[in-house]
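In UniProt numbering, the protein residues as written are 1 to 237. The block underneath contains the structure these notes are about, expressed in structure tokens.
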Amino acid sequence: MMNISVVIPAHNEAENIASLVQEIVATGLDCEIVVVDDGSTDDTHARLLALKKSVPALKVVQHDRAYGQSAAVATGIKQAGGTLIGTLDGDGQNNPADLPKMIEAITNSTNPNLKMVAGYRKKRDDSPWRIISSRIANAYRRFFLRDETPDTGCGLKVFYRAAFLELPFFDHMHRFLPALIRMKGGDVISVEVHHRPRIAGVSKYGTLNRLWVGIVDIFGVCWLRMRAKNVTITRFD
């Protein structure tokens, strides 16, 4: 069983997914690569199956329809064999070359309670409106959740599989992973990562849609945090 699994959610990313997988291979990481085809209607799945012939570490999982990014991430993590999980978006905007330093940050940490290293896209290569909407959403998250993570929506993250499996699942939860990890008592640090323009395909999210859904979801996460209880077992006979 491999110790590290890289999980990629993908929906209609036929033009991006093969090069992204090859970039992960090029990092030299000894890892399994789990790509979840979230009900794509293009050639994403066919291209992944063809790629398996040259990339033995590649595992392909397919949803019967599009369930959304959070569901695809959750499926990939459940199917992964590694104790440590790395995630990145399937559009190629996250740079896999950032994964080794993030893995090193969590595995070499002297803090036994560190459960996640979150990417921070300090310099984003997106449209102005998308950058503005992301900044507004992040500001709301920090205000209401008291979450010190500067870029919680970044898809590039490294964390322990066991920590993720303790979290409650809900749609769009991938945008709140640092806050949810902290809710369970874990620590999170941020590492600056690269961000690239989308080379092919189109974004699956509209700017106003992303902003509105993100703000509404914040109140749900606030409710979860208020109701959550972390139990400590002092004795087991």
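All residues carry an ideal CB built from backbone N, CA and C; glycine is no exception. Being a predicted model, the structure only gives us computed values, none of them experimental.
Own chain residues within Cβ distance below 8 Å of residue i, not counting five before or after
i                 : result
proline 168       : Leu180 and Leu224
methionine 1      : Interpretation of methionine 1 is limited by its pLDDT of 41, a score under 50 that renders its predicted location unreliable; the figure taken from the coordinates is listed afterwards. Contacts found: Gly81 and Gly82.
phenylalanine 219 : Phe144
leucine 99        : Val6, Ile24, Thr27, Leu29, Gly86, Leu88, Leu156 and Val158
Residue interval of the alpha helix (DSSP H) (run including residue i)
i           : result
leucine 99  : 99-107
valine 25   : 17-26
proline 178 : 177-183
serine 54   : Careful: serine 54 lies outside any alpha helix (DSSP H) and carries neither H nor E.
First through last residue of the beta strand (DSSP E) which encompasses residue i
i          : result
glycine 86 : 84-87
Backbone CA spacing between residue i and residue j [nearest angstrom]
i             : j                 : result
leucine 165   : arginine 175      : 16 Å
alanine 50    : threonine 44      : 10 Å
glycine 39    : glycine 155       : 19 Å
alanine 72    : tyrosine 160      : 17 Å
aspartate 30  : glutamine 93      : 22 Å
proline 178   : phenylalanine 236 : 30 Å
histidine 195 : arginine 65       : 29 Å
threonine 75  : isoleucine 4      : 16 Å
valine 61     : valine 35         : 6 Å
tyrosine 67   : arginine 47       : 20 Å
tyrosine 140  : serine 54         : 44 Å
Minimum C-alpha distance to residue i - residue among the options
i              : options                         : result
asparagine 230 : Val34, Ile189, Val60 and Gly185 : Gly185
isoleucine 17  : Lys52, Asp30 and Ser5           : Lys52
isoleucine 24  : Ile189, Arg65 and Val7          : Val7
alanine 10     : Leu177, Asp91 and Asp237        : Asp91
proline 56     : Arg65, Ile33, Ala71 and Ala74   : Ile33
valine 193     : Arg124, Arg135 and Ala228       : Arg124
valine 188     : Tyr140, Ile199 and Gly119       : Gly119
arginine 37    : Leu58, Gln22, Ala26 and Thr27   : The sequence shown places aspartate at residue 37, rather than the arginine named in the question. Checking every option, the nearest Cα to that of aspartate 37 belongs to Leu58.
isoleucine 199 : Ile4, Asn3, Ser5 and Leu20      : Leu20
glutamate 104  : Arg121, Lys122 and Ile85        : Ile85
alanine 137    : Arg47, Met226 and Val216        : Val216
Residues that DSSP places opposite residue i in a beta bridge
i                 : result
proline 9         : Val36
phenylalanine 159 : Ile85 and Met116
valine 61         : Val36
valine 191        : Gly119
asparagine 94     : His195
8 Å Cβ cutoff, residue i in contact with chain D
i          : result
alanine 80 : Protein chains in the displayed structure number just one, and chain D is not present.
Cβ neighbours of residue i in the same chain (closer than 7 Å, five flanking residues each side left out)
i           : result
serine 70   : Asp171, His172, Met173 and His174
leucine 114 : Ile106, Asp187 and Ile189
Beta-carbon contacts of residue i that lie in its chain and below 6 Å, excluding the five residues immediately before and after
i              : result
methionine 102 : Val117, Val158 and Val191
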